[in-house]
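K.L.:
So my numbering is basically just the index in the sequence shown, starting at one, shifted up by 107. We treat Cβ as the ideally placed atom computed from N, Cα and C, and that holds for glycine. Note that the structure is predicted; figures quoted are calculated from it, not measured.
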Amino acid sequence: MAPDFPAVSGSGPGLPATPGPGSGLPAAPGPGLSATSGPGLPATPGPGSGLPATPGPGSGLPATPGPGLPAEPVPGLVPEPWDHVPGGRGPWDRVPGGERVPGGDRVPAGAPAGDQEPWDAAAAGTEPPDDPWRGAGTAPWETATETAPPETRTAAPEAPGRGTGSTNRSDEPAAPDGGAPGAGAPGPVAEPLAPRRVRVAFLGLVLALLPALLQQLVTLTALPAIRSDLPGPDTAPGRALGVATAYLLAALVTLPVHAKLGDLHGRRRLFRYALVVFVAGSALAGWSRTMDQLIACRALQGAGAGGLLAGAHAIAADLVPARRRGRFLGLTGAVLGLAVLAGPSVGGLVTEQVSWRWCFWSAACLGLVALLLAGTALPPLRPTARGRLDVLGALLLAAASTFLVLLVSWGGRDHPWDSRVVLGLACGAAGSLLLFVVVENYAPEPILPLPLLRDPTFVVGGLVGTLTGVALFGVAGCLPFYFRLTGGADTAEAALLTLPLAGGIVCASLLSGHVISRTGRYTVHPVLGGAVSVVGMWLLSRLEPDTPRLTHSVWQAVLGAGIGLVLPALVLAVQNAAPPAALGTVTGAHTLVRWIGCCAGAAALGAHAAHRLDLALADRLPAGTGLPGPWWDAPHAVRAVPPALRDAYLGAYAETMPRTFLHLVPVLGLGLLIAFFLKEKPLVTQNASTAALPAPRTEPAPHAGVPVCGTVQHHDGTCVPRAALTLIDVHGQQVGRGATGEDGRYALSVPGTGSYVMIAAAGGHQPQAVPVTVGDRPVEIDVVLGGAGRLAGTVRTADGTPVRDATVTLTDVRGEVVASTRTGRDGAYVLTALVAGEYTLAASAPAFRPVALPVSVQAARETRQDVELAGGAVLRGTVRAPGGRPVEDARVTLLDAAGNVVDTLTTGPDGTFRFLDLSSGQYTVIAAGYPPVATVLHMAGGGRTERDLRLGHED
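(1) Please report the distance separating the alpha-carbon of residue 898 from that of residue 782.
(2) Please list the terminal residues of the continuous beta strand (DSSP E) segment that includes residue 815.
(3) From the DSSP output, in three-state form, read off residue 1023 for me.
(4) Helix, strand or coil for residue 754, going by three-state DSSP, please let me know.
(5) Which one or two residues does DSSP pair with residue 365 in a beta bridge?
(6) May I have the straight-line CA-CA distance separating residue 438 from residue 445, to the nearest angstrom?
(7) Going by beta carbon distance, what residues of the same chain come within less than 6 Å of residue 663, once the five residues before and after it are set aside?
(8) Exposed or buried, which one is residue 904 when buried takes at least 16 other CB atoms within 10 Å?
(9) Determine the extent of the beta strand (DSSP E) in which residue 897 is found, giving its start and end residues.
(10) Have a look at 479, 546, 694 and 331 and flag the residue whose alpha-carbon is nearest the alpha-carbon of residue 367.
(11) For residue 994 versus residue 981, is the C-beta distance shorter than 7 Å?
(12) By the DSSP assignment, the alpha helix (DSSP H) with residue 924 in it spans what residues?
(13) Could you check which residue in 676, 502, 755 and 396 has the C-alpha nearest to that of residue 544?
(14) For residue 786 and residue 565, I'd like the C-alpha separation in whole angstroms.
(15) State the Cα-Cα distance for the pair residue 977 and residue 676, rounded to the nearest angstrom.
(16) Just mark residue 1054 as buried or exposed, buried being the case when its beta carbon has 16 or more other beta carbons within 10 Å.
(17) Could you round the C-beta distance between residue 408 and residue 440 to whole angstroms and report it? I think they count as a contact, below 8 Å.
(18) Name the residue from 853, 453, 862 and 825 whose alpha carbon lies nearest to the alpha carbon of residue 841.
(19) Do you know whose CA, among 892, 894, 891 and 865, lies nearest residue 881's CA?
(20) Check whether the stretch 615 to 630 touches the stretch 763 to 781, taking contact to mean three or more Cβ pairs, one atom from each stretch, closer than 8 Å.
(21) With the cut-off set at 7 Å, would you say residue 692 and residue 370 are in Cβ contact?
(22) Can you give me the Cβ contacts of residue 1008 inside the same chain, cut-off strictly under 8 Å, excluding the 5 residues immediately before and after it?
(23) Any chance the stretch 766 to 780 sits against the stretch 633 to 648, with 3 or more Cβ pairs inside 8 Å?
(24) Please confirm if residue 866 has its CB atom under 7 Å from at least one CB of chain D.
(25) Excluding the 5 residues flanking residue 307 on each side, which residues of the same chain have their C-beta closer than 7 Å to its C-beta?
(26) Going by DSSP, what residues sit across from residue 1003 in a beta bridge?
(27) In this structure, how does DSSP classify residue 690 when only helix, strand and coil are distinguished?
(28) Under DSSP, the beta strand (DSSP E) around residue 961 begins and ends at which residues?
(29) Is the beta carbon of residue 712 sitting closer than 7 Å to the one on residue 581?
(30) Which two residues bound the contiguous beta strand (DSSP E) that contains residue 983?
(31) Which first and last residues belong to the beta strand (DSSP E) in which residue 888 is found?
(32) Runs of 4 residues minimum, wholly inside the stretch 611 to 653: which ones carry the alpha helix (DSSP H) assignment?
(33) Beta strand (DSSP E) containing residue 878: first to last residue?
(34) Among all the DSSP beta bridges, which residues are the ones paired with residue 998?
(35) Have a look at 837, 415, 334 and 1039 and flag the residue whose alpha-carbon is nearest the alpha-carbon of residue 396.
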């Protein structure tokens, strides 16, 4: 990321080297400024000083630049957000002769910069037009405040004699009464959006996503009615499927373009344009009179949907910090699952009850509501990047996406997999992707940054999302048809029968998003969800036509719960690893990769299911007998066959579909294994880097700036008091410092937006450096410090033999486990990152007695503590008779050197005995047979007397 600081060295961030227009420093010393000038700041305005003798009226700034101060900004010196003066607007507002946008690009005067809105015209000195949603720069649900008047701002050149030392902005006072902030103190920052406005904006985003996702599958069940209503030679089954393919293809082609344009020109503007295109395409699709018109309108509709899919998640990241974004992503995950499952059923219901045209007109109505909500509640979002769109890369990516979609759509259905058409599409896709990689490697602003393909979070998230999506699309495409064919259910009943699956996805997605927002942990959700979905898919593969509804409803709910746990965490993980300037691009790339993978996987699964169905039908039907209709019209086609053949069709479907679900079990299992490689990064409470509404004019307070706060804590969550924190910029200069309180909390003030590094250190701890990306709103980030102490030693027996694989555990005074490890072959162990203090060291190993020792760990040095384990010796032998025969049931007693009984045991059938866990020393082994048994008998004269004797050991 490029440095966010001016090119002038020595002045410090946002502190002009010479007072002048736009510097925020008056010509003469005033309140808050010393009358004595430092080096490089003349005490008296005059020629050559850059300070005119007479300031301009009312502004505290000179009316014209003096000698040595050019009227135009110096090239390479870009005004920064922390150069604000009271009442100033920001570097993206108009200045004489043109306009400065973030990054320093000049825009012609009067042209929009980013998301320039009518109410932003105040920055140019003109009154904004009446807006029913705003009053004095606020929304109707916000408190109206006075809008600051615009000011003209230019950058000043570096004054001679200025030192090169850095300036700690948080320690400089601000001038009162609207004067200049002291030493370039930052101006006011935008306040966070009101919670109600955020909720309204999110409602608009969800209402935009819902029809965009529904339209992908809603036409499948409406295709028979569309074919009958649009007669003509162009309504063949394969051509009718172009209605669905055109939408998907247009959405995938335009998705990365919308994502990149949103980063370059502002996401709100692109999102509204996409909504308008989607609404227009939906309305025209419902009006279509021929199949060609419908396909063209579906392509237009898909072009708008690509912008909605790309913009919704990126805008959510702009409005809500990552820690609190889980709830919204849980909601969008629920919408995705609901749309995929309900799409075919909704299309069938609307077609049966009203008309297929309302499948599109209803989407237009939802789009209009979303346009009203999102278009008015969303704040102006500044561009996060600059540059031009990579047109060649966009065209190559569009070509590759087109080839891939046509390949998976035509392969195995319209053309054999080994046909020239399919092979040509495969070669075209491979060639386009190869050229795309070459072009993107040299593009200054690539539409899909190639380093993303090496980012483990992006790769793992894309693979897990793709595999989960394949399972979701496969079940969504097969399960409703299964219920309609084997159970005789109509469209409405099939929708109700799949309701448990949709309900499981919705509930689990919402719960997962809520838990992520509460805990800040997200890697466990894909793992847990993957395991649950594997179990659910395996249960669903046991589906039979006579399976009770309650049983398969529970199976569906289990599968839905697993998928719902996975969906929200993946998008959040990818966004959390992305830099703010490329948030839209990264989100769009993740969505593109996931959707292409889902389409390819679902197509391959469908081809496999169709092949198995053909094999099953071949065993049940006479040769040359086929299904009178395309696969997507199977429920209607089965009713048209003779009754004698109907049972054969139903039996084939009942056998094929559950086995298809069984093949999805290893797919989900692979996703579960990959999910273990998802690395977790802390979700900081950090607002997006794009600005919201211009801030109202406020009086700057001392130490004004963008606050960075949080907690310094140990690995176990306990706080670290009196830890020192230092904030440095990308040049290594200090811009702020502070210390934590007794509760471990800290608060720093940074000069303005940009990238920084925060260093945390405390006595007896290992210092920690963390990157901090600061936008125009407060940032909260927690730092975890490990100790600098080190504990090492060796675990041995009494004779010095090292004990291998012994478990060594260290606990603190509260009994909490601090660290644990195992010894190596040499019996050595090492515990690092320990805080100085008193601990208990425990060691254990099989056949040894556990040992616990107190140990005192020293700060910033290695403490050695060897451990001796007692026991471990084994005494074994055999009790034999004089002839060498083993003696069974002999009593063996072991005595120590003092004559104390150590242990007693009885031999088995082989006469062996074994004493374990013996310490070194002298022992005595005593083996004895049965003790004598005596009995008294009285014999009478004559007869015979019998008496049995029982030998044994007394227990």
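P.N.:
Well, looking at it:
(1) Distance between the alpha carbons of residue 898 and residue 782 is about 34 Å.
(2) Segment 813 to 820, the beta strand (DSSP E) holding residue 815.
(3) Reduced to three states, the DSSP call for residue 1023 is strand.
(4) DSSP places residue 754 within a helical segment (H, G or I) once states are collapsed to three.
(5) None; residue 365 has no bridge partner.
(6) Taking the straight line joining both Cα atoms gives about 10 Å.
(7) Cβ contact annotation for residue 663 (same chain, cutoff 6 Å, sequence separation greater than five): 607 and 608, in chain order.
(8) It counts as buried.
(9) Residues 896 to 903.
(10) Restricting attention to 479, 546, 694 and 331, the CA atom closest to the CA of residue 367 is found in 694.
(11) It is not a contact, given that the beta carbons lie outside the stated cut-off.
(12) Element bounds for residue 924: not the alpha helix (DSSP H) but the beta strand (DSSP E), 924 to 929.
(13) The option with the nearest alpha carbon to residue 544 is 502.
(14) So the alpha carbons of these two residues sit roughly 10 Å apart.
(15) Here the alpha carbons of residue 676 and residue 977 stand approximately 49 Å from one another.
(16) Label assigned to residue 1054: exposed.
(17) At roughly 23 Å, the Cβ-Cβ gap does not stay under 8 Å, so residue 408 and residue 440 are not in contact.
(18) The closest CA to that of residue 841, considering only 853, 453, 862 and 825, is found on 862.
(19) Checked all of 892, 894, 891 and 865; the closest Cα to residue 881 is 865.
(20) With the cut-off at 8 Å, the stretch 615 to 630 and the stretch 763 to 781 do not touch.
(21) Cβ distance < 7 Å, so residue 692 and residue 370 count as in contact.
(22) These residues qualify, in order along the chain: 1000, 1001 and 1002.
(23) Contact check between the stretch 766 to 780 and the stretch 633 to 648: three or more CB pairs, one atom from each, fall below 8 Å, which counts as touching.
(24) Here chain D cannot be found, since the structure has a single protein chain.
(25) Listed in chain order, the non-local C-beta contacts of residue 307 below 7 Å within the same chain comprise 480 and 484, local neighbours out to five positions each way being set aside.
(26) In DSSP, residue 1003 forms a bridge with 1030.
(27) Residue state, collapsed to three classes: helix.
(28) Residue 961: member of the beta strand (DSSP E) spanning 958 to 964, first to last residue.
(29) Contact: yes.
(30) Where residue 983 is concerned, the enclosing beta strand (DSSP E) stretches over 980 to 985.
(31) Residue 888 -> no beta strand (DSSP E), and no H or E assigned at all.
(32) With a minimum length of 4 residues, the continuous alpha helix (DSSP H) runs that stay inside the stretch 611 to 653 are 631 to 647.
(33) Under the DSSP assignment, residue 878 falls in the beta strand (DSSP E) whose first and last residues are 875 to 881.
(34) Under the DSSP definition of a beta bridge, residue 998 partners with 1013 and 1035.
(35) Looking at the Cα atoms, 334 is the closest of the given residues.
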